[in-house]
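For the sequence shown, the positions run 1 to 67 when UniProt numbering is used.
In what follows, a single structure is set out as structure tokens and then discussed.
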Amino acid sequence: MDKRRAMRGTDSAKAMTVIRTVSLIGEGTKENPARFLYQYWDLKGNLLASHDTILDSISENISHRSN
């Protein structure tokens with residue numbers, strides 16, 4: 001039996017109405033760099049997801065080091 005997991009792809013997708021907010025956060029210092037925070041909200045004001053773009057630069061730095 002093959003022990004590797006096969007990628008199934010997307011099981012479901014649905015177009016939904018959400019509110020996206022973009023905030024500039026951070027102090028612009030090395031310890032707390034300026035960056036964007038993207039947040040997604042439903043129409044009732046519930047936070048659905050957040051994305052801090054500092055995570056993008058961290059993963060980019062890691063991938064450049066491994067090359």
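The C-beta atom is built at its ideal place from N, Cα and C for all residues, glycine as well.
Inter-residue spacing [alpha-carbon to alpha-carbon] between residue i and residue j
i	j	result
E27	R8	42 angstroms
I19	H51	14 angstroms
T29	G45	32 angstroms
M16	R5	30 angstroms
I48	Q39	According to the sequence provided, residue 48 is Leu. The question's Ile does not apply to it. Cα to Cα, the separation comes out at about 8 angstroms.
residue 108	W41	The question about residue 108 has no answer here: the residues shown for the chain are numbered 1 through 67.
Beta carbon of residue i nearer than 9 angstroms to that of residue j
i	j	result
R35	T53	yes
residue 73	L37	Any answer about residue 73 is impossible in this case: the structure gives the chain only from 1 up to 67.
For residue i, the nearest candidate out of the options (CA to CA)
i	options	result
S57	T10, D42, N32 and S12	N32
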